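Take a look at the structure set out below.
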Amino acid sequence: MTVARRYLFAAIAAAVLIGLTFVVPSFSSYQLATVCAYLCGIAGLTLLTGAGGQLSLGQAALMAAGAYSYALTANTMADAGTEGPLLLLLPLAAAVGGAAVLGLVIGLAAGRLHGPYLAGFTMALVVALPAVTSTFSSVLGGDQGLWITVEKRPTALRGMVSNEAWQAWLAVVCSVLVLTLLANLLHGRFGRELRAVRDNPVAAALAGINPARTKVTAFVISSAAAGMGGGLLAYTTQSASPGAYSLVFSLFLLMAAVVGGIGSLTGAVFGAVLLVALPHLISTATSRLQLSADLSQRLDGNLAVAIFGLVLVLVVLLAPQGIHGLLVRLRSRLRSRATPPRSESVPDSSFEPAPPSASTTTTRLSARHESEQLPATPKGQ
Amino acid sequence: MISSKLRLGTAVLAAAALGLASCASAEEGGEAAAPEDVPGITDTTVTVGTHQPLTGPAAAGYSTISPATQAYFDYVNDNGGINGRTIEYIVKDDGYNPANTQTAVREMVLQDEVFALVGGLGTPPHSAVLDFVNDNEVPDLFVASGSPTWNQPEDYPYTYGFMVDYPTESRILATYAQEEFPDKTYCFFGQDDDFGEEFQAGLEAVLGEDGLADAQVYSTANTDIAAQISSMKEAGCEVNFLATINGFSAQAVGTAAKLGYFPQWMASSAGGDFNTLSGYLGENTNKLLQGFVSANYLPGYSDAEDEWTAQFKEINEEYNAGAPFDGNTIFGMSIGYLFVEALKEAGENPTRESLLEALESGNVTGNGHTPLGFGEDSHRGYTGAMLTKVDNGVQSYFGTPYVVSGEEVEEYTEERPAMPADGLPE
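What follows is the structure, given as structure tokens:
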């Protein structure tokens with residue numbers, strides 16, 4: 001039932017967003033497509049880091065793997081004279097597959113690492129990316145990257161919808177698909193195993209779970225999601241270049257996951273929206289303010305980074321569970337206020353120990369078990 | 001619990017998208033109605049946009065270009081504008097990163113509805129938006145890059161170059177090197193993209209297939225180029241051609257000096273501005289850059305006799321808060337001048353079509369030492385270059401300008417366009 005419901009909601013969400021592209025200007029459609037592409041990467045990180053406890057700074061490299069897989073496949077196919085939907089779907093599949101294969105290779109090594117070692121290892125991936133692309137510049141196009149032949153929107157739609165709207169449709173459908181699959185995994189047996197391994201690998205192993213295999217699987221799934229994001233970015237921007245997948249971008253993805261609320265896919269949505277909206281709002285604001293041309297130009301590029309950093313610090317200090325956690329807490333507070341008898345005796349029930357009633361205890365326990373949130377004090381690290 | 005979470009997620013997504021929509025649509029409207037609905041044109045304004053590396057690896061060399069263009073536009077606006085319209089100039093930072101250029105240019109074209117793009121900087125960044133601007137039929141003028149990519153009128157009818165292209169520049173430098181430094185060992189150090197590739201191809205066209213003893217490339221993402229420079233030193237390179245942006249020209253000269261290696265440098269105009277280089281090299285600049293040869297085609301910043309330079313210097317004092325006056329300032333103002341000239345030529349009520357017709361007519365001449373290549377079947381920018389040399393900390397022109405037509409490097413003997421009164425196109 002819950003799975004069926006999840007599909008229903010996914011379909012509704014996709015329909016609403018696609019409907020939106022008919023009313024918003026085409027630049028917003030482009031932004032929506034970008035949000036969806038980022039969302040795939042951030043959601044993958046949510047599964048890996050939030051539920052799996054494996055800190056990865058290399059998500060941008062995996063997105064780049066997706067983008068380059070897309071580019072190479074699409075260009076090869078276009079050279080061979082392929083046209084039509086196949087020129088769109090096969091490269092996207094290649095993007096997911098390519099990133100998943102890289103994820104498997106990395107995962108096999110990364111499964112043995114944890115905490116700062118894993119973070120350092122995955123960061124090295126991103127740092128090495130420009131060196132890799134310039135070493136194989138005959139294939140990967142060096143710094144300039146690859147220019148991609150893309151299948152544009154079907155002829156029947158031309159004149160009806162803008163190219164940006166079409167890109168948004170594709171990105172919405174793909175990202176909703178990715179999110180639904182990730183949600184199914186997180187709420188199913190795999191999610192429970194992953195959280196068990198995160199919380200205590202020894203106990204998980206005693207329970208018959210293979211921690212190493214679970215970790216590697218998580219890495220592969222997370223990479224595949226990132227690959228989809230990279231493929232979508234490659235499609236919308238018609239290019240794959242190392243500059244687009246820098247260390248800064250990788251850190252931004254992690255920041256977005258944290259600020260949104262790491263461990264929850266809803267949080268990933270907040271994070272992705274913020275990642276696109278914040279720089280845009282800041283540059284709009286600086287252009288409205290009557291600053292000197294020189295100052296506003298300098299602020300344009302740097303202020304977004306500074307404010308993003310500030311937001312991250314504030315979130316970590318004030319709302320460790322991110323925007324999502326903040327909203328959940330707010331809602332439960334509002335609810336408890338709406339039922340006066342309980343709210344008077346327990347003003348802030350979320351911080352109180354569970355009441356000794358049998359029924360509440362079981363729900364609490366199961367909630368703890370089901371919860372995708374990181375524990376307040378991470379164990380096993 | 002799960003479904004409520006998903007419901008929340010859906011609501012959030014929808015709300016966010018609505019938010020994006022509302023803040024985007026708030027941008028529209030407001031402006032006065034445009035005559036014949038030409039994007040970016042109202043009765044009183046013309047809005048143009050550009051993408052520039054105000055941050056990132058190329059910022060130190062190029063971030064002063066757009067303020068100079070802005071200063072020139074301010075000067076024109078204060079003197080009545082063009083046919084009663086003032087120029088509004090939107091500058092977006094892309095950090096020399098093609099992915100950012102994508103967003104910046106889409107924002108300017110789709111949301112701010114610019115009339116044209118003017119002077120978008122950099123080969124990798126601008127390549128990323130070439131299809132997009134041409135699909136949207138936006139005049140894409142005076143791309144600040146020497147890649148021949150911009151000269152493809154059949155595939156990209158809306159795109160026009162500005163700088164002398166790299167193969168032309170490198171042919172001129174190589175020809176000069178053969179005359180001035182015969183029997184020396186020639187080598188090449190360049191950026192690992194079209195810039196380096198095209199430049200090297202031009203050199204080899206003149207010097208022969210194996211005319212270069214060593215060819216090294218760098219990636220803008222990696223600032224350590226000691227390995228490349230050591231290799232050139234070991235190969236016994238005596239004349240080194242540079243297809244580098246300013247930061248890496250300085251890096252090359254500085255790294256070589258640290259290795260006790262002092263070859264003859266011959267740089268592309270994109271990476272040969274003395275003042276910018278001295279910003280990197282510090283107090284040893286004069287010693288390190290003595291004899292440094294570089295191509296250029298615009299008025300020289302140190303040329304006291306030049307009326308363009310004098311005029312631009314004045315504008316710089318008044319409208320650019322007296323920012324340091326260098327090759328980038330001249331570059332920015334020259335792009336501004338060329339656009340104003342084209343806009344004027346496009347008529348009382350310019351349209352995107354009339355703007356392109358103005359350029360094709362050949363009546364738009366610019367202010368360079370060599371002519372522009374604009375015509376019906378050519379969107380090539382400046383067709384040749386002149387050489388500069390650094391002597392005792394002053395970079396100045398010597399010799400005559402050269403143009404390249406086909407494979408041939410020829411001297412260009414005609415006068416360059418005279419400056420109109422007060423540097424305002426007539």
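So the protein sequences, as listed, match chains Z and E. Our numbering puts the first residue of the first sequence at 1, with every later residue one more than the last. Our numbering puts the first residue of the second sequence at 1, with every later residue one more than the last. Idealized CB from N, CA, C, for every residue including glycine. Small disclaimer: the values here were computed from a predicted structure and weren't measured.
query: What does E:Q102 touch in chain Z if you count any residue whose Cβ is under 7 Å from its own?; result: T237
query: Looking at the structure shown, is E:P401 part of a helix, part of a strand, or coil, going by DSSP?; result: strand
query: With 8 Å as the threshold, decide whether the Cβ of Z:D79 is near any Cβ in chain E.; result: no
query: By Cβ distance, which residues of its chain are closer than 6 Å to E:A58, with the 5 residues on each side in sequence left out?; result: Y96 and I245
query: For a quick check, are the C-beta atoms of E:N286 and E:Q264 less than 8 Å apart?; result: no
query: On a Cα-Cα basis, can you pick out the residue from Z:G19, Z:C40 and Z:V23 that is closest to Z:A272?; result: Z:C40
query: E:E426 to E:G384, Cα distance in whole Å?; result: 25 Å
query: Are the segment 269-285 of chain E and the segment 56-76 of chain E touching by the rule of at least three beta carbon pairs closer than 8 Å?; result: yes
query: Chain E partners of Z:S134, CB-CB under 9 Å?; result: D192, V217, Y218, S219, A221 and N222
query: Report yes if the CB atom of E:C237 is closer than 8 Å to the CB atom of E:T185, and no otherwise.; result: yes
query: Are the Cβ atoms of Z:L185 and Z:L265 separated by less than 8 Å?; result: no
query: Over the uninterrupted alpha helix (DSSP H) stretch that includes Z:E83, give me the two end residues.; result: Taken as a continuous stretch (DSSP letters only), Z:E83 belongs to no alpha helix (DSSP H), as it is neither H nor E.
query: Taking the alpha-carbon positions, what's the Z:L330 to E:A250 distance?; result: 56 Å
query: When the Cα atoms are used, what is the spatial distance from E:S254 to E:L173?; result: Before going further, note that residue 254 of chain E is Gly rather than Ser in the sequence given. So the alpha carbons of these two residues sit roughly 22 Å apart.
query: So that I know if they touch, is there some Cβ in chain E lying closer than 8 Å to that of Z:Q59?; result: no
query: Quick one: what does DSSP say E:E107 is sitting in, helix, strand or coil?; result: helix
query: Establish whether the CB of Z:P154 and some CB of chain E are separated by less than 8 Å.; result: no
query: Ordered along the chain, which non-local residues of its own chain (more than five positions away) have a Cβ less than 6 Å from that of E:G272?; result: S294
query: Would you mind listing the beta strand (DSSP E) stretches within the segment 339-418 of chain E that are 3+ residues and don't spill past its ends, in chain order?; result: 372-375, 378-382, 384-391, 394-405 and 408-411
query: If you measure from the beta carbon of Z:P211 to each beta carbon in chain E, is any gap under 8 Å?; result: no
query: Quick check for students: name the residue ranges of the beta strand (DSSP E) that lie wholly in the segment 86-157 of chain E, counting only runs of 3 or more.; result: 86-93, 116-118 and 140-143
query: Identify which residue in E:A104, E:K92 and E:L212 has its Cα closest to the Cα of E:A177.; result: E:L212
query: Spell out whether any CB of chain E is found under 8 Å from the CB atom of Z:Y30.; result: yes
query: When you compare only the Cα positions, how much space is there between Z:A78 and E:D131?; result: 16 Å
query: Can you give me the Cβ contacts of Z:R195 inside the same chain, cut-off strictly under 7 Å, excluding the 5 residues immediately before and after it?; result: A51
query: By Cβ distance, which residues of its chain are closer than 8 Å to E:T365, with the 5 residues on each side in sequence left out?; result: E341, P371, L372 and P417
query: Name the chain E residues that come within less than 9 Å of Z:P130, Cβ to Cβ?; result: S219, T220, A221 and N222
query: If you compare alpha carbons, which of Z:G142, Z:N163, Z:A10 and Z:L278 is closest to Z:G243?; result: Z:G142
query: Could you check whether E:I330 and E:L298 sit closer than 8 Å to each other, using their CB atoms as the reference points?; result: yes
query: Could you pull out every residue in the same chain whose Cβ sits closer than 7 Å to the Cβ of E:E408, ignoring the five residues on either side in sequence?; result: none
query: For E:Q228, count the other beta carbons within 10 Å of its own beta carbon; 16 or more makes it buried, fewer makes it exposed. Which is it?; result: buried
query: Taking just the CA atoms, how far does E:P153 sit from E:E345?; result: 20 Å
query: Is the Cβ of E:D131 closer than 8 Å to any Cβ of chain Z?; result: yes
query: Could you give the residue range of the beta strand (DSSP E) that holds E:M266?; result: Q264 to A267
query: Using a Cβ-Cβ cutoff of less than 7 Å, which residues in the same chain neighbour Z:V429 once the five nearest sequence positions on both sides are dropped?; result: In the structure as shown, chain Z starts at 1 and stops at 381, and residue 429 of chain Z therefore has no counterpart that could be examined.
query: Nearest to E:Q52 by alpha carbon, out of E:Y261, E:S302, E:D193 and E:G122?; result: E:G122
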